[in-house]
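S.K.:
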Amino acid sequence: MKGGRISKTSGAVGTVLGICPLLNVNNTGHLIPRYKIRSKKKVIAAIVERMKENAENGLDYADKCFISHSDCYEDAKTVADKVEQTFPHLKGHVEINYIGTTIGSHTGPGTVALFFWGKERTE
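With our numbering, letter number 56 in the sequence shown gets 66, and the count goes up by one each step, no holes.
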């Protein structure tokens, strides 16, 4: 909405209905909308599920894991806790930080991003 990626009408309807988009970055660095999920609780579960599907070494993943947020530390902490529960080797190693101002100006407050080494993308 704010960054011009979706119309104001779509953004307003999504906000009222509690719809959270789940995006990922493709091979060329573009954000691709993958899912529209209703409720924060469900989108947080979906984020961790995508990591389970794509992390190198599956549930034995032990590499870097970062979570960035835009003025929603509690949501980021919830994601970190779920990641650490799901991936035992990451316990105490998930780093939480802020989204920078440039990206934050496009995403707005309430954005949570999860970064990890995943399987090679094919699309």
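Here a beta-carbon is modelled for each residue, glycine too, at the ideal position from N, C-alpha and C.
Report all residues from its chain with a CB closer than 6 Å to the CB of Asn107; omit the five preceding and five following residues, and keep chain order.
M.R.: Taking the first residue of the sequence shown as 1, we reach residue 107 at position 97. If we look at Asn107 and ignore the five residues flanking it on each side, its Cβ neighbours are Ser78.
S.K.: Can you give me the C-alpha to C-alpha distance between Phe97 and Ile42, rounded to a whole angstrom?
M.R.: In the sequence shown, residue 97 corresponds to position 87, counting from 1. In the sequence shown, residue 42 corresponds to position 32, counting from 1. Phe97 and Ile42: Cα-Cα distance of roughly 25 Å.
S.K.: Using CA coordinates, which residue listed in Ile109, Gly28, Arg48 is at the minimum distance from Gly9?
M.R.: As displayed, the chain neither begins before 11 nor continues past 133, which places residue 9 out of reach and without an answer.
S.K.: CA-CA distance, Gly120 and Ser49?
M.R.: Within the sequence shown, numbered from 1, the residue matching residue 120 stands at position 110. Within the sequence shown, numbered from 1, the residue matching residue 49 stands at position 39. Computed Cα separation, rounded: 13 Å.
S.K.: Can you tell me the Cα-Cα spacing of Ala56 and Thr19, whole angstroms?
M.R.: Here residue 56 refers to the residue found at position 46 of the sequence shown. Here residue 19 refers to the residue found at position 9 of the sequence shown. Each residue's alpha carbon lies about 25 Å from the other.
S.K.: Only counting the same chain, and skipping five residues up and downstream in sequence, which positions put a Cβ closer than 6 Å to that of Ala72?
M.R.: In the sequence shown, residue 72 corresponds to position 62, counting from 1. Answer for Ala72: His99, listed in chain order.
S.K.: If I follow the unbroken beta strand (DSSP E) through Lys46, where does it start and stop?
M.R.: Locating residue 46 in the sequence shown gives position 36, where the first residue counts as 1. Here the beta strand (DSSP E) through Lys46 covers 41 to 48.
S.K.: Let's test the definition: count the other Cβ atoms within 10 Å of the Cβ of Val35 and tell me whether it reaches 16, buried, or not, exposed.
M.R.: Stepping through the sequence shown from its first residue, residue 35 is reached at position 25. So Val35 ends up on the exposed side.
S.K.: Quick test of your reading: Ile54 and Val89, contact by CB under 8 Å. State the CB separation rounded to the nearest angstrom.
M.R.: Walking along the sequence shown from the start, residue 54 turns up at place 44. Walking along the sequence shown from the start, residue 89 turns up at place 79. 6 Å between Cβ atoms; contact.
S.K.: Are the Cβ atoms of Cys75 and Val122 separated by less than 8 Å?
M.R.: As a first step, residue 75 must be located in the sequence shown, where it is residue number 65. As a first step, residue 122 must be located in the sequence shown, where it is residue number 112. No; because the gap between Cβ atoms is not below 8 Å, this pair is not in contact.
S.K.: Cβ of Thr88 within 7 Å of any heavy atom in the ligand ADP?
M.R.: By its list of ligands, the structure shown contains no ligand whatsoever, and the ligand ADP lies outside what it can speak to.
S.K.: May I ask which residues mark the beginning and end of the alpha helix (DSSP H) holding Glu84?
M.R.: Counting from 1 along the sequence shown, the entry for residue 84 is found at position 74. Run containing Glu84: 83 to 96, per the alpha helix (DSSP H) assignment.
S.K.: Does DSSP put Ser78 in a helix, a strand or coil?
M.R.: Along the sequence shown, read from residue 1 onward, the residue named residue 78 stands at position 68. Ser78: strand per DSSP, three-state reduction.
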